[in-house]
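Chains as they are written, first to last, in the numbering used here: chain A, 1120 to 1384; chain B, 2 to 269.
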């Protein structure tokens, strides 16, 4: 007897989109409950007091729980991350990437103009710059090979921003999803979120994945189909179907971060 | 009294806002136009002024110097791409944006653009910057198209924003709009905005509402204007009542006054 294994998906995006025929109906009921869970939790933490400035939660807030004062990675690591994000944007609109580093730097400068990180890049000596260029090229090759081409019928969009105010604006959830594919119009759950990181995947990547799904659910009132993280350092992909349990867990994690930030006030 | 309402930005809520819009739109008469023109004329200006909802939201404060960037170019290119997709539904969003970008570059190459225009900035930009501009425009078009596809009423993508030149007052008013929805013989304007709404978003919507009514050949006001902030998941709406139109006109004139004062202060 010959047994045939199911064909493995050709690339990351195929794997994430999965079989169209077995997609569940869009979950339009979780958002209100999650919002209530967050509002009740924030009231339990803060009571009737207001912070001096709104507490801002970002995906980076989950790198270290409890949050530490200096949780930012090195400037070099941050620049690499930003450049890979720019290259993802180029890849997303079908742009051929021939000189990864130069094109990423041009795109970045065109996007943000000048800031501290751009200034840091300009201060690099030739050796440092060459090392970074090699690094970025290697990460870019891993990313573009794994993602494959992104057909425009899947409506890929990059750097999708979201912002949610809670507790009368005293808490703000901010998020940027690196890559989003699919739409919410079809009545079926078809939106897939992908976080691209230049670090190896660790526990915080799971929290980030859940946070993306939570903010997207609060933003659109429809839960996405799947949330995922891809490491350009290792080529590893983590993906998870989004259900109410995952979203509720993320809401708990958000409350945990708010509690730590509130205690630090 | 203002008719500002706040909802979640879902297709269900949006359709409800359309269905429940006031059935009988109000109209601006020639007297209204003359009265507005005389108020603008009273605010003298040595140069031509342009006022839009953004200026109203900023309370007439002088704007920081404008520069083209992928973020500032996305609406112009994104809406043009949306019109292409509406004309030819088989065109993908990415291709529509690419064609629009090519058109802009062609315009610049033929020398039919002025310095400082989007086309001339694009022509001077490097290839990777153009790709980021495309990516931003794709995001914009996708989010407006998602809104449009969720509508249960017929809609059209307007050919341009609404413009109204105030007679002999050296003033142009610009009302932004993404979609015009038809419901029960009336029109409803849908505006899509970036970021999250602030305290001045209501006056901003009222300004757009008033300008759209002024730009209409018969002065008929939209029965409702709906502002969508997809990033924040929020929808605000203002009805086309006479009270809201008056408030919108007052805010526009007040903005012209503040702009004049700040110009005089700068000159002094």
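Don't be surprised by glycine CBs; every beta carbon is placed ideally from N, CA and C.
- Assignment of residue 1265 (chain A) by DSSP, reduced to helix, strand and coil, places it in the helix class.
- The beta carbon of residue 259 (chain B) sits no closer than 8 Å to any beta carbon of chain A.
- For residue 38 (chain B), none of the residues of chain A pass the 8 Å Cβ criterion, the least Cβ distance being about 40 Å.
- Scanning the stretch 1257-1335 of chain A from its first residue to its last, the whole beta strand (DSSP E) runs of 3-plus residues come out as 1276-1285, 1290-1300, 1311-1316.
- For residue 1347 (chain A), the beta-bridge partners assigned by DSSP are A:1313, A:1358.
- Residue environment analysis places residue 1141 (chain A) among the exposed positions, since fewer than 16 neighbouring C-beta atoms fall within 10 angstroms of its C-beta.
- Residue pairing for residue 189 (chain B): DSSP places it in a beta bridge opposite B:182, B:225.
- For residue 1357 (chain A) against residue 1370 (chain A), the beta-carbon gap comes to about 20 Å, at or over 8 Å, which does not count as contact.
- At least 8 Å separates the beta-carbon of residue 1340 (chain A) from that of residue 1155 (chain A).
- With its beta carbon at least 8 Å from every one in chain A, residue 77 (chain B) lies outside the interface.
- The residue from B:162, B:254, B:267 with its alpha-carbon nearest to that of residue 42 (chain B) is B:254.
- The stretch 43-51 of chain B and the stretch 107-124 of chain B do not touch, with fewer than 3 CB-CB distances between them shorter than 8 Å.
- DSSP assignment within the stretch 65-139 of chain B yields the following whole alpha helix (DSSP H) runs of 4 residues or more, N-terminal first: 71-88, 94-110, 119-125.
- For residue 1280 (chain A), the CB contacts under 6 Å within the same chain, skipping 5 residues up- and downstream, are 1295 in chain order.
- Contacts with chain A at 8 Å (Cβ-Cβ) do not include residue 3 (chain B).
- Nearest to residue 127 (chain B) by alpha-carbon distance, out of A:1253, A:1221, A:1250, A:1368, is A:1221.
- For the stretch 123-141 of chain B, the set of residues with a beta-carbon nearer than 7 Å to any beta-carbon of chain A comprises 126, 127, 129, 130, 132, 133, 135, 136, 139, 140, in chain order.
- Take the alpha-carbon of residue 1283 (chain A) and the one of residue 163 (chain B): they are about 31 Å apart.
- The residues 1374, in chain order, have a CB closer than 6 Å to that of residue 1160 (chain A) in the same chain once the five nearest residues on each side in sequence are set aside.
- Considering only A:1144, A:1179, A:1230, the residue with the shortest C-alpha distance to residue 1328 (chain A) is A:1179.
- For residue 52 (chain B), the enclosing beta strand (DSSP E) covers residues 50-53.
- Residue burial is scored here from C-beta neighbours: residue 190 (chain B) has at least 16 other C-beta atoms within 10 angstroms and is therefore classed as buried.
- For residue 249 (chain B), the enclosing alpha helix (DSSP H) covers residues 243-268.
- Here residue 1181 (chain A) is buried: its Cβ has 16 or more other Cβ atoms, across all protein chains shown, within 10 Å.
- Between residue 1213 (chain A) and residue 95 (chain B), the gap from beta carbon to beta carbon is short of 8 Å.
- Burial check for residue 1144 (chain A): the Cβ neighbour count within 10 Å stays below 16, so the residue is exposed.
- Taking a Cβ-Cβ threshold of 7 Å, the residues of chain B close to residue 1274 (chain A) are 94, 143, in chain order.
- Partner residues in the beta bridge of residue 176 (chain B), as assigned by DSSP, are B:163.
- The three-state secondary structure of residue 1144 (chain A), taken from DSSP, is strand.
- Rounded to whole angstroms, the gap between the alpha carbons of residue 27 (chain B) and residue 54 (chain B) is 21 Å.
- Bounds of the beta strand (DSSP E) holding residue 240 (chain B) are 235-240.
- Judged by DSSP in its simplified three-state form, residue 25 (chain B) adopts coil rather than helix or strand.
- Between residue 236 (chain B) and residue 223 (chain B), the alpha-carbon positions lie close to 17 Å from each other.
- For residue 1169 (chain A), no CB of chain B lies under 8 Å from its own CB, so it is not counted at the interface with that chain.
- It is roughly 22 Å from the alpha-carbon of residue 1269 (chain A) to the alpha-carbon of residue 80 (chain B).
- Using a Cβ-Cβ distance cut-off of 8 Å, the stretch 152-163 of chain B and the stretch 1297-1314 of chain A are not in contact, since fewer than three pairs of beta carbons, one from each stretch, lie closer than that value.
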